[in-house]
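Input: a single structure, listed below in structure tokens.
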Amino acid sequence: MSALLDHLPELWQGLIVTLQLTAASFAGAAVLGLVITAMRVSPVGVLRGIGTVYVETFQNLPLLVLLVLAVFGLPEIGLQADLLVTAVIVIAVYEAAYIAEALRSGVNAVSAGQGEAARALGLTFGQSLRHVVLPQALRTVIQPIGNVFIALTMNTSLAAAVGVVDLTAAANRVNLVEAQPIPIFVGAGLAYALIAACAGFVTGRLERRLAVAR
Amino acid sequence: MSNLLFDEPGPRARRRIRIATVVGAVAVLALAALAVRQFAAAGQLTADRWAPYATWPMWRYLLNGLWATALAAVVSAALAMAAGLALALGRLSRRRWVRLPAAAYVEVVRTIPALLLVYVVLFALPRYGLDLPLFWKLVVPLAVSNAAAFAEIFRAGILSVERGQGEAGLAVGLTHGQTMRMIVLPQAARRVLPSIVSQSVGLLKDTSLGFVVSYAELLYSGKVLATYNGLLIQTYIVVALIYLAVNASLSKLARVLEARTPQVRVPRARRRRRSPVRA
């Protein structure tokens, strides 16, 4: 137990990095995922194609391969950025594919009459997407998006494998010094579980409050 | 074409679509051109940096890695599915002392990163005299973490089988276990097959953690190769393409299976109560 308490500052620092990674990459993934979804439901064939290829590609590549490619490969072609920034961008790009899939299922769940009504009022594609379809789609996908968020939190730990000192890396480092794996890893595991539990709680509340009656 | 967001386009909409098509295509081509220029400027496009990937020894090495990836994925999938089925049945058990631990396992393990489990197996277990062989250092944490995911898939599948099926089994005198084994599980298995395949894609992606364990699967083989020949970006791009080809085929299989799986019907009693207006 003392091993855990003695190294609380390092572990705390790691937790902060994990939270930063999670928050920043989720924000990026949400924006990018929204754009991809809009492309995938648009009447423009090329954009639909790009959206589909994007989702297919990133859902079928391991995140760690992308991280390794970006962190060790990109400097080879003269693209080098801060390690944390690189990790955030890669995780955001990867998770955007999952957000886009979740959002698209939500768009498909909106009943056709809603779209017809929007068009009957003379709304354009963008307007009906923004004012009619997306608000309803977002409400139905709160739970799936929450699951993507939890998966994203777990996935940020992969950044540890390319050198980001997040909670996972910090726990590992402290363990290498202290050789007290049980309290340290259990502590780190609990911190992740706590983040996931918070996300689950928030999405549960939101879902109940915003549920669409059908 | 009936669509949620747009009607059959008229002349003006068709013009706008054409414009958007051109703009989109140009943007993608510009992005590709930018990437090629960046590669060329860094001298990464010269033939001698790519030619090695047209030779057999290089591919033999990477295919060995792919084979090791497949082996790790298949073994951890088998273990995770067996454990997942046991956990799902446990969560549905009538006995509290079986139900609670199974539920606790699933809920806790689902929220622990696989890499953290890998570190535990890699650095914590040896302290307690449990130093697993390299292969199992990758397979055990993957099986432990994926068992929870498979358990949830199986449980959803079992719950999707209509109550009447189980009741009918009990009515003809089968025991609880026989009903589960002979009536409910076969039907559930067909329904969860697509989800099982997509979860297996996720598991195959997770085997890239061999990079951390130094188990010579595909990504780690790529790392060794890149250290040896110095062709970093080329190697990792080729590795990524192999993963993409394999996983995209598996995902395609999942979709084909999904299209062939009979649609899960909503239990009739609920449907009737839900739509009194139309009746």
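Protein chains in written order, with full-length UniProt numbering: chain A, 1 to 214; chain B, 1 to 279.
We treat Cβ as the ideally placed atom computed from N, Cα and C, and that holds for glycine.
Taking the alpha-carbon positions, what's the residue i to residue j distance?
i: A:I50; j: A:M39; result: 8 Å
i: A:F201; j: A:V68; result: 33 Å
i: B:L5; j: B:V75; result: 45 Å
i: A:G45; j: B:A254; result: 25 Å
i: A:V65; j: A:L4; result: 32 Å
i: A:R119; j: A:Y54; result: 29 Å
i: B:L117; j: B:V256; result: 33 Å
i: B:S2; j: B:E8; result: Unreliable positioning characterises B:S2 in this predicted model, as indicated by a pLDDT of 46, which lies under 50. The coordinate reading is nonetheless provided below. Cα to Cα, the separation comes out at about 8 Å.
i: B:Q199; j: A:Q136; result: 28 Å
i: A:L83; j: B:R12; result: 48 Å
i: B:D206; j: A:V141; result: 26 Å
i: B:A40; j: B:V238; result: 18 Å
i: A:T18; j: A:L8; result: 15 Å
i: B:P141; j: B:S251; result: 23 Å
i: A:R48; j: A:L123; result: 21 Å
i: B:V139; j: B:E217; result: 12 Å
i: A:T22; j: A:N108; result: 28 Å
i: A:V148; j: B:P186; result: 30 Å
i: B:Y119; j: A:A160; result: 11 Å
i: A:S111; j: A:G126; result: 18 Å
i: B:V184; j: A:R208; result: 32 Å
i: B:S208; j: B:V224; result: 14 Å
i: A:S42; j: A:Q59; result: 21 Å
i: A:S25; j: B:R15; result: 37 Å
i: B:I158; j: B:A188; result: 5 Å
i: B:G173; j: B:T179; result: 9 Å
i: B:A240; j: A:I91; result: 16 Å
i: B:A226; j: B:F211; result: 13 Å
i: B:W50; j: B:V121; result: 38 Å
i: A:L63; j: A:V88; result: 12 Å
i: B:S275; j: B:R96; result: Because B:S275 sits at a pLDDT of 34, beneath the cut-off of 50, its placement in the model cannot be relied upon, and the following sentence gives the value as read from the coordinates. Rounded to the nearest angstrom, the two C-alpha atoms are 36 Å apart.
i: B:R271; j: A:I145; result: Note that B:R271 has pLDDT 36, beneath the 50 cutoff, so the model's placement of it is unreliable and the number below is only indicative. Cα-Cα distance, rounded: 27 Å.
i: B:W56; j: A:T37; result: 41 Å
Run down chain B in chain order and give the residues with a C-beta less than 7 Å from the C-beta of residue i.
i: A:G187; result: Neighbours of A:G187 on chain B: none; closest Cβ ~11 Å, over 7 Å.
i: residue 215 of chain A; result: The structure shown does not extend to residue 215 of chain A, since chain A spans only 1 to 214, so no value can be given for it.
i: A:L158; result: L115
i: A:A161; result: L115, F211 and V212
Given that residue i touches chain A, what residues does it touch there, using C-beta distances under 8 Å?
i: B:D7; result: R119
i: B:A42; result: E76, I77 and G78
i: B:A124; result: N175, P181, I182 and F185
i: B:I112; result: M154, G189, Y192 and A193
i: B:I153; result: Result: empty, since nearest Cβ-Cβ is about 13 Å, beyond 8 Å.
i: B:V120; result: P181 and F185
Name the two residues that bound the continuous alpha helix (DSSP H) containing residue i.
i: A:P75; result: First-last for A:P75: undefined, no H or E at that position.
i: A:L206; result: P181 to L210
i: B:P113; result: It is not in any alpha helix (DSSP H) - B:P113 carries neither H nor E in the DSSP assignment.
i: B:G129; result: Run containing B:G129: none; DSSP gives neither H nor E here.
i: A:L32; result: L8 to R40
i: B:A35; result: P11 to A41
i: A:A120; result: A112 to A120
i: B:S195; result: L185 to D206
i: B:S221; result: L218 to N229
i: A:M154; result: I142 to N155
i: A:L83; result: L83 to A109
i: B:F211; result: G210 to V213
i: A:N60; result: Run containing A:N60: none; DSSP gives neither H nor E here.
Which bits of chain A does residue i rub up against, with CB to CB less than 7 Å?
i: B:Y220; result: Residues of chain A passing the Cβ test: none, with the nearest at roughly 10 Å.
i: residue 326 of chain B; result: In the structure as shown, chain B starts at 1 and stops at 279, and residue 326 of chain B therefore has no counterpart that could be examined.
i: B:K137; result: The contacting residues do not exist; B:K137 stays about 14 Å from chain A at best.
i: B:A51; result: Per Cβ cutoff of 7 Å: no residues; B:A51 is ~17 Å from chain A at best.
i: B:L209; result: L64
Our contact map puts residue i next to residue j with C-beta atoms below 8 Å; I'd like the distance itself, whole angstroms only.
i: B:S214; j: B:L134; result: 7 Å
i: B:V106; j: B:R94; result: The pair is not a contact, with the Cβ atoms about 18 Å apart (cut-off 8 Å).
i: B:S160; j: B:R191; result: 6 Å
i: A:L61; j: B:Y243; result: 6 Å
i: A:I184; j: A:A193; result: 15 Å between Cβ atoms; not a contact.
i: residue 282 of chain B; j: B:A73; result: With chain B represented from 1 up to 279, any question about residue 282 of chain B goes unanswered, as that position is not in the structure.
i: B:I153; j: B:I196; result: 6 Å
i: A:A96; j: A:L152; result: So it is not a contact: roughly 10 Å between Cβ atoms.
i: A:I77; j: B:I233; result: 6 Å
Name the chain B residues that come within less than 9 Å of residue i, Cβ to Cβ?
i: A:T57; result: L244 and A248
i: A:T168; result: P113, L115, L116 and Y119
i: A:F72; result: K223, A226, L232, I233 and Y236
For a contact defined as C-beta to C-beta under 8 Å, what are the partners of residue i on chain B?
i: A:L34; result: Within chain B, no residue comes near A:L34; the closest Cβ sits about 15 Å away, beyond 8 Å.
i: A:T140; result: Those do not exist, as A:T140 stays about 13 Å from chain B at its closest Cβ, beyond 8 Å.
i: A:S105; result: Neighbours of A:S105 on chain B: none; closest Cβ ~13 Å, over 8 Å.
i: A:F125; result: L5 and F6
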